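J.: Residues in the sequence shown are numbered consecutively from 8, following my numbering. Cβ atoms here follow ideal geometry from the backbone N, Cα and C, with glycine treated the same way. Please read these numbers as outputs of a predicted model, since none were measured by experiment. Have a look at this one before I ask anything.
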Amino acid sequence: MSTRRITSWTLEKIASRAGATLHGPSDDRVSGVSTDTRAIGQGALFVALRGERFDGHRFVDAAFEGGAAAAIVDRAWWDSRVDDEPSHPLLVVDDTLDALTRLGHALWQEATLEGLHTVAVTGSNGKTTTKELLSALWSTRGKVWATPGNLNNHIGVPLTLCALPDDCDHLICEMGANHVGEIAHLVRLAPGAARVITSIGSAHLEGFGSMEGIRRGKSELFEQADADTHAIFPYGEKDKLMLEGFPGERWSFGAEEGARVRVVSLRERPPGEPPGMAVSLEVDSRYLTLSLPLLGMHNATNLAAALATLAAGEVELDEAALNEALARLMLPGGRFRQLVVRGVHILDDAYNANPSSVRASVEAFERWAAVRHCEGRYAVLGEMLELGEGAAGAHAELARWVATRPGIDGLAFVGGFSELMAQSAREVQPELDVGAFGSITDDLIAWVGAQQGAAVLLKGSRGGRLETIVDALTNDPGSDQPGPNSSEA
């Protein structure tokens, strides 16, 4: 990628688009946009955001000391200053978050007028994985800019847009929310030609209030649409979405008969082959097989969702080119990372968790362990966050479900609901090896380390930090030597 689009904008143009009054020197250019002085880049435009527990205006001086070229500040802070004309450019606005939002949208508008193609993606599960799959597949059609990390909220999306490269052909924009109205706001900033909903599940139930709130919130992705917009959604959840009056073309995906992009079959690769699976798909009566370095039917349907955006855009589906792109797929840690640590086959899927994603992970784990002929199958399940008033019931129900899985030989529950989950599991499977741990302890690490020759799944919300179990086993001074005691499986 070349330089960011914003580098060609003058400070006067930035001020105009952000609704700001420019004070101080005006002949500088900026290299990018940042809200964090700890990661400020040389020549950056610093945006001093305010929140309930933070105020970026406290760090304006630190931003300039760190190399910032200019800063966006609010009028309240500006009026409190006692200095004369500032020595650095300051763009004064009523609300700095609104200015950041306006600036990001303006950069997106300019790029779109020059031919930028945008895909917006949201969903209860699979957003980030699908974003990476979209990036890989669309890279066969030009240069791609995708949401960095998980910058998918009301601050992250504008930052993603402010970082648009000047030679980008395709934008893959992840949009997250935990309240009704948030997706509607985000989709106005970058209303994609293709809009993808990966799933409708109980993630962020606490914020949305109910499953109906989740359906309504996710369906907001299809607002601000025209006849050229493509709605892409799971076939099995089509009746849950609010698509009445949607003016564009509709594309469904899934494993069910009737889906326009259908997962026909999948085959996990055995040990000795590259990790992942071969996925056979049908796209409007055409068949192709793609090699996916991920596991599970849920990831096969994520691939189908990404493929649907190409089919909807009437892009030729070159199987060889798509497979070459998928071979370069890189996902963040904690998403089906496959390791062998001190003889234990570990499947690390501890990036995030809610009831539906845990079930999908357990089912994928069972298939993965079976292919490897592991001597036993154990799961370490952490707490699921943001489930609201029904959290206790959701944890108990999940524990009963996983305890009755025929392929599970033992369970360890971690976190605030661990005792409840262990009790619920024992109620349905009294003979099952079940443990409860309020946090990650030496006993839990030892329990995992004792499962040599067996397979162990790690699944939980990020706050539970289950991946530290792998770190502890890898660097255990009682193992052969610190550091290199794990290998990719």
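(1) Start and end of the alpha helix (DSSP H) containing residue 278?
(2) Going by beta carbon distance, what residues of the same chain come within less than 7 Å of residue 312, once the five residues before and after it are set aside?
(3) Is the stretch 327-347 in contact with the stretch 400-407, if contact means three or more CB pairs nearer than 8 Å?
(4) Using 8 Å as the threshold, is the C-beta distance between residue 432 and residue 441 below it?
(5) Is there contact here, the stretch 298-309 with the stretch 217-236, by at least three beta-carbon pairs under 8 Å?
(6) Pick out whichever of 31, 296 and 268 has its Cα sitting closest to the Cα of residue 91.
(7) Work out the CA separation of residue 143 and residue 164 for me, nearest whole Å.
(8) Could you give the DSSP three-state label for residue 186: helix, strand or coil?
(9) Between which residues of its own chain and residue 332 is the CB-CB distance below 7 Å, once the five residues before and five after are set aside?
(10) Is the stretch 180-199 touching the stretch 126-141 in the sense that three or more CB pairs, one from each, lie closer than 8 Å?
(11) Is it buried or exposed, residue 413, if we count other Cβ atoms within 10 angstroms and call 16 or more buried?
(12) Here's a check: name, in chain order, each residue in its chain whose Cβ is nearer than 8 Å to the Cβ of residue 6, leaving out the five neighbours to either side.
(13) Can you grab the Cα-Cα spacing for the pair residue 452 / residue 480, in whole Å?
(14) Based on DSSP bridge pairs, tell me the residues matched to residue 172.
(15) Mind checking which residues open and close the alpha helix (DSSP H) that includes residue 201?
(16) Let me know if residue 458 comes out buried or exposed under the rule of 16 or more other beta-carbons within 10 Å of its beta-carbon.
(17) Would you report the Cα separation of residue 115 and residue 195, rounded to the nearest angstrom?
(18) Nearest-angstrom Cα distance between residue 391 and residue 305?
(19) Do you know whose CA, among 98, 364 and 272, lies nearest residue 207's CA?
(20) Quick check on the DSSP output: the alpha helix (DSSP H) that includes residue 254 runs from which residue to which?
(21) Cα-Cα, which of 245, 385 and 112 is closest to residue 258?
(22) Count the other CB atoms, across all protein chains shown, that sit within 10 Å of the CB of residue 308; report buried if there are 16 or more and exposed otherwise.
(23) Around the C-beta of residue 242, are 16 or more other C-beta atoms found within 10 angstroms, so that it is buried, or is it exposed?
(24) For residue 335, which residues of its own chain have a beta-carbon under 7 Å away from its beta-carbon, when the five flanking residues on both sides are left out?
(25) Got a sec, what are the start and stop residues for the beta strand (DSSP E) residue 284 sits in?
(26) Does any CB atom of chain B fall closer than 8 Å to the CB of residue 173?
(27) Thinking residue 61 and residue 75 are a contact (beta carbons under 8 Å), I'd like their distance in whole angstroms, please.
(28) Just verifying my parser: in three-state terms, what is the DSSP assignment at residue 16?
(29) Should residue 111 be labelled buried (16 or more other beta-carbon atoms within 10 Å of its own) or exposed?
(30) Could you tell me whether the stretch 151-160 touches the stretch 19-31, using the rule of 3 or more Cβ pairs below 8 Å?
(31) Rounded to whole angstroms, what is the Cα-Cα separation between residue 434 and residue 262?
(32) Grouping DSSP H, G and I as helix and E and B as strand, with all else coil, what is residue 405?
(33) Quick check: the Cα distance between residue 39 and residue 338, rounded to an integer number of angstroms?
(34) DSSP three-state call for residue 298: helix, strand or coil?
(35) Just checking my contact of residue 376 with residue 384 at CB under 8 Å: how many whole Å lie between their CB atoms?
(36) Grab the span of the beta strand (DSSP E) containing residue 345 for me, first residue to last.
T.: Checking against the coordinates, here is how it stands:
(1) Indexing the sequence shown from 1 puts residue 278 at position 271. It is not in any alpha helix (DSSP H) - residue 278 carries neither H nor E in the DSSP assignment.
(2) As a first step, residue 312 must be located in the sequence shown, where it is residue number 305. Only 137, 203, 205, 239 and 260 meet the Cβ criterion.
(3) Segments in contact, no.
(4) In the sequence shown, residue 432 corresponds to position 425, counting from 1. In the sequence shown, residue 441 corresponds to position 434, counting from 1. Yes, the pair counts as a contact, with Cβ atoms nearer than the cut-off.
(5) no
(6) The residue given as residue 91 occupies position 84 in the sequence shown. Nearest of 31, 296 and 268 to residue 91, Cα basis: 31.
(7) Within the sequence shown, numbered from 1, the residue matching residue 164 stands at position 157. Within the sequence shown, numbered from 1, the residue matching residue 143 stands at position 136. Computed Cα separation, rounded: 20 Å.
(8) If you number the sequence shown from 1, residue 186 lands on position 179. Coil.
(9) Numbered from 1 along the sequence shown, position 325 holds the residue referred to as residue 332. Excluding positions up to five away in sequence, the list reads 143, 144, 146 and 147.
(10) yes
(11) In the sequence shown, the residue the question calls residue 413 occupies position 406. Classification of residue 413: exposed, given that the 10 Å Cβ count is below 16.
(12) In the structure as shown, the chain starts at 8 and stops at 496, and residue 6 therefore has no counterpart that could be examined.
(13) In the sequence shown, residue 452 corresponds to position 445, counting from 1. In the sequence shown, residue 480 corresponds to position 473, counting from 1. Roughly 7 Å between the two C-alpha positions.
(14) The residue given as residue 172 occupies position 165 in the sequence shown. DSSP output for residue 172 lists 11 as bridge partner(s).
(15) Against the sequence shown, residue 201 aligns to sequence position 194. Element bounds for residue 201: not the alpha helix (DSSP H) but the beta strand (DSSP E), 201-204.
(16) Taking the sequence shown and counting its residues from 1, the one referred to as residue 458 is at position 451. It counts as buried.
(17) The residue you call residue 115 lines up with position 108 of the sequence shown. The residue you call residue 195 lines up with position 188 of the sequence shown. Residue 115 and residue 195: Cα-Cα distance of roughly 11 Å.
(18) Taking the sequence shown and counting its residues from 1, the one referred to as residue 391 is at position 384. Taking the sequence shown and counting its residues from 1, the one referred to as residue 305 is at position 298. About 19 Å.
(19) By 1-based counting over the sequence shown, the position of residue 207 is 200. Per the Cα distances, 364.
(20) As a first step, residue 254 is located in the sequence shown; it is residue number 247 there, counting from the start. Note, residue 254: premise wrong, no alpha helix (DSSP H); not H, not E.
(21) Residue numbering aside, residue 258 sits at position 251 when the sequence shown is read from its first letter. Comparing Cα-Cα distances from residue 258 to each of 245, 385 and 112, the minimum goes to 245.
(22) Position 301 of the sequence shown, counting from 1, holds the residue named residue 308. By the 10 Å Cβ count, residue 308 comes out buried.
(23) Walking along the sequence shown from the start, residue 242 turns up at place 235. Residue 242 should be labelled buried.
(24) Translated into positions along the sequence shown, residue 335 becomes position 328. 143, listed in sequence order.
(25) Residue 284 sits at position 277 when you count from the first residue of the sequence shown. Segment 284-290, the beta strand (DSSP E) holding residue 284.
(26) Chain labels in this structure do not include chain B; a single protein chain is all it has.
(27) Position 54 of the sequence shown, counted from the first residue, corresponds to residue 61. Position 68 of the sequence shown, counted from the first residue, corresponds to residue 75. Not a contact, Cβ separation roughly 18 Å.
(28) One-based indexing of the sequence shown puts residue 16 at position 9. Annotated three-state conformation of residue 16 is coil, per DSSP.
(29) For this step, residue 111 is matched to residue 104 along the sequence shown. Counting Cβ neighbours within 10 Å, residue 111 comes out buried, since at least 16 surround it.
(30) no
(31) In the sequence shown, counting from the first residue as 1, residue 434 sits at position 427. In the sequence shown, counting from the first residue as 1, residue 262 sits at position 255. Between residue 434 and residue 262, the C-alpha separation is close to 33 Å.
(32) The residue labelled residue 405 in the question sits at position 398 within the sequence shown. In this structure, residue 405 counts as helix in the three-state DSSP scheme.
(33) Reading the sequence shown from its first residue, position 32 is the one you call residue 39. Reading the sequence shown from its first residue, position 331 is the one you call residue 338. One C-alpha to the other measures close to 25 Å.
(34) Here the question's residue 298 lines up with position 291 in the sequence shown. Residue 298: strand per DSSP, three-state reduction.
(35) Residue numbering aside, residue 376 sits at position 369 when the sequence shown is read from its first letter. Residue numbering aside, residue 384 sits at position 377 when the sequence shown is read from its first letter. 5 Å between Cβ atoms; contact.
(36) Reading the sequence shown from its first residue, position 338 is the one you call residue 345. Secondary structure note for residue 345: its beta strand (DSSP E) is the uninterrupted segment 344-348.
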